[in-house]
Amino acid sequence: MAEQCSSSSSDLIAAASDEGQLVELLDQEQYPAVVDIDDSFLSNMEACFKAFDKDNDGLMTLSDFAALCRTLFRNEQGKAYAIEDSRLQEMFDVFDRNQDGYVDFQEFAFCWKQWIKPIVRPISALIIVDVQNDFITGSLSISNCPAKQNGQDVLKPTNKMLETVPFEVVFYSLDWHPENHVSFIENVGKRKLHPSSQKKAEEAELYDTVIFEGPPLNEQKLWPKHCVQNSWGAELHSAVKVLDNGIFVHKGIHPDIDSYSAFWDNNKMSKTPLASLLQKKKITDLYVCGLAYDVCVGATANHSLEHGYRTILVDDASRGISLDDIHHTRDSLAEKNAVVVHSSQVKDMVEGRDRRPELGYFQAMRLREMPQNGGIRDPSPDDVSPRDSVIFLT
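Here our numbering is used: the first residue of the sequence shown is 14, the next is one more, and so on.
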């Protein structure tokens, strides 16, 4: 059993100025025993409900729910994370399906299956984004970009995660461009620019943004030729550990549209199989790392959130192009309830010992969109575009 609890405070979540700040638990007389969350706890929904139904009346109040959250959201040392009262209320309202001010046992069944279990026993995947030769020592080495970061810095933390963290599945995304790809500055004169483009083809310089006529209209940043299909520059860096059951996902394979994200191209005209593969594996949490932090890593993390996955960006296993854009990426993801962590924290999170309230809140808000008898994920596992590209490693 966990520590005993008692206090006269009406605030069931200890006060903290910042959400997610670690706090010591306040004891609560009305909850004489806060149970340990273990396999037996998860195997018995009724026991879980009774543990937090203070009055034993078959109805969970907001205060009861707060005690549940205090038990759920703890770090690996058993210390609770603080949760804002407003967010606590929002989450409670998701599970109070009939909005009568209580969560009854039937409503709790939805909460238990769709929310508590994924929080305590997440099913996690890792995607390693574009750790390729050209981005490390080749034609688009990020060391030559304004942030002056070294792409090789991601190798050690990435490999350590691969060696120590029990991910359900690991993906390796690769930029995989044809020679005539639209993003290459060498090809800027091969397509007609739209009159709204601020730069003409003959004026365009490296890293400028132009607008191609299409269709569809296509705003494109110009990069040096990089990651050409089947070239040395497109290969995964040789120092990256490749798991036997790892899956390679190719992106940017279409000549006329770029693809930063490992889910979609930049105009969402075509997709990779990544979302379908994650769904088939019943993944709840997606960890994202690689190159470049503020471009393809950030785009992949944002699309992960759009697909409904609890999303974690691994900071020290990612490197980027612009410090300002890296900071913006980090802040933007946090605002959407993704979590940015150090690689040393990943194992405890994957194994369910470090349970972040931001991820719980994100999941609750997704569940709010779920109809009483329906789901929220898309696309279907069978709905894979014929233009997709994927390689399974055996």
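Even glycine gets a Cβ: it sits at the ideal position worked out from N, Cα and C. It should be emphasised that the depicted structure is a prediction, and the values quoted were computed from it without experimental measurement.
Of the residues S99, I140, A64, the one placed nearest H263, counting alpha carbons only = Here residue 263 corresponds to residue number 250 of the sequence shown, with the count starting at 1. Among S99, I140, A64, the Cα nearest to that of H263 is on I140.
Spatially closest choice to P131 from R381, P384, G373, by CA coordinates | Sequence index remark: in the sequence shown, residue 131 carries index 118 (1-based). Answer by Cα proximity: G373.
So, helix, strand or coil for Q43, using DSSP?
-> For the purposes of this step, residue 43 is identified with residue 30 of the sequence shown, where counting begins at 1. Because the pLDDT of Q43 is 48, which lies under 50, any placement of that residue in the model is unreliable, and the number read from its coordinates should be weighed accordingly. DSSP places Q43 in coil when its eight states are reduced to three.
Mind checking which residues open and close the alpha helix (DSSP H) that includes T171?
-> For the purposes of this step, residue 171 is taken as the residue at position 158 of the sequence shown. T171 -> alpha helix (DSSP H) spans 168-177.
Exposed or buried, which one is P135 when buried takes at least 16 other CB atoms within 10 Å?
-> Taking the sequence shown and counting its residues from 1, the one referred to as residue 135 is at position 122. P135 should be labelled buried.
Would you check if the distance between the CB atom of D117 and the CB atom of L175 is smaller than 7 Å?
-> As a first step, residue 117 is located in the sequence shown; it is residue number 104 there, counting from the start. As a first step, residue 175 is located in the sequence shown; it is residue number 162 there, counting from the start. Cβ distance not < 7 Å, so D117 and L175 don't count as in contact.
First and last residue of the uninterrupted beta strand (DSSP E) at N69 = Here the question's residue 69 lines up with position 56 in the sequence shown. From DSSP, N69 is part of no beta strand (DSSP E); its letter is neither H nor E.
Once you ignore the five residues that flank S7 on each side, which residues in its own chain have a CB closer than 7 Å to its CB?
-> The displayed coordinates of the chain run from 14 to 407. Any statement about residue 7 would go beyond what the structure contains.
Among Q376, R87, E226, which residue has its Cα nearest to the Cα of V201?
-> Reading the sequence shown from its first residue, position 188 is the one you call residue 201. Residue E226 is the option with its Cα nearest to V201.
Separation of P159 from L294, as counted between CA atoms | Start at 1 with the first residue of the sequence shown, and residue 294 comes out as number 281. Start at 1 with the first residue of the sequence shown, and residue 159 comes out as number 146. It is worth fixing the name first, because residue 294 is Lys in this sequence and not Leu. Straight-line Cα distance between these residues: approximately 39 Å.
8 Å CB neighbourhood of I270 in its chain, flanking five on each side removed = Here residue 270 refers to the residue found at position 257 when the sequence shown is read from its first residue. Hits under 8 Å: V195, N231, D278, N279, N280, M282, S283.
Scan the segment 190-227 and note each continuous beta strand (DSSP E) run of 3 residues or more that stays entirely inside, going in chain order.
-> 222-225
Does the separation of the CB atoms of A275 and C302 fall below 7 Å?
-> If you number the sequence shown from 1, residue 275 lands on position 262. If you number the sequence shown from 1, residue 302 lands on position 289. No, the pair does not count as a contact, with Cβ atoms beyond the cut-off.
From D166 to K213, what distance separates their C-alpha atoms?
-> Residue 166 sits at position 153 when you count from the first residue of the sequence shown. Residue 213 sits at position 200 when you count from the first residue of the sequence shown. Computed Cα separation, rounded: 37 Å.
Nearest neighbour of L318, chosen from L249, D70, L299 [CA to CA] = Taking the sequence shown and counting its residues from 1, the one referred to as residue 318 is at position 305. It is L299 whose Cα lies nearest to the Cα of L318.
Simplified DSSP state of R110, which is helix, strand or coil | Here residue 110 is taken as the residue at index 97 of the sequence shown, counted from 1. DSSP places R110 in coil when its eight states are reduced to three.
Compute the distance between the beta-carbons of V241 and Y273, then report whether it is under 7 Å.
-> Residue numbering aside, residue 241 sits at position 228 when the sequence shown is read from its first letter. Residue numbering aside, residue 273 sits at position 260 when the sequence shown is read from its first letter. Contact flag unset, no.
Do you know offhand how far D70's Cα is from F62's?
-> Counting from 1 along the sequence shown, the entry for residue 70 is found at position 57. Counting from 1 along the sequence shown, the entry for residue 62 is found at position 49. Taking the straight line joining both Cα atoms gives about 11 Å.
Taking DSSP as the reference, what is the three-state secondary structure of V62?
-> In the sequence shown, residue 62 corresponds to position 49, counting from 1. The sequence shown places Phe at residue 62, rather than the Val named in the question. Three-state result, F62: helix.
Contact belief for W236 with F197 at Cβ below 8 Å, rounded distance in angstroms = As a working note, residue 236 is residue 223 in the sequence shown. As a working note, residue 197 is residue 184 in the sequence shown. With 8 Å as the limit, W236 and F197 qualify as a contact, their Cβ atoms being about 7 Å apart.
Outcome for A351 when other beta-carbon atoms lying within 10 angstroms are tallied against a minimum of 16 | Within the sequence shown, numbered from 1, the residue matching residue 351 stands at position 338. Buried, because 16 or more other Cβ atoms sit within 10 Å of the Cβ of A351.
Could you say which of Q376, L291, D98 lies nearest to K408 if we only look at CA atoms?
-> The structure shown does not extend to residue 408, since the chain spans only 14 to 407, so no value can be given for it.
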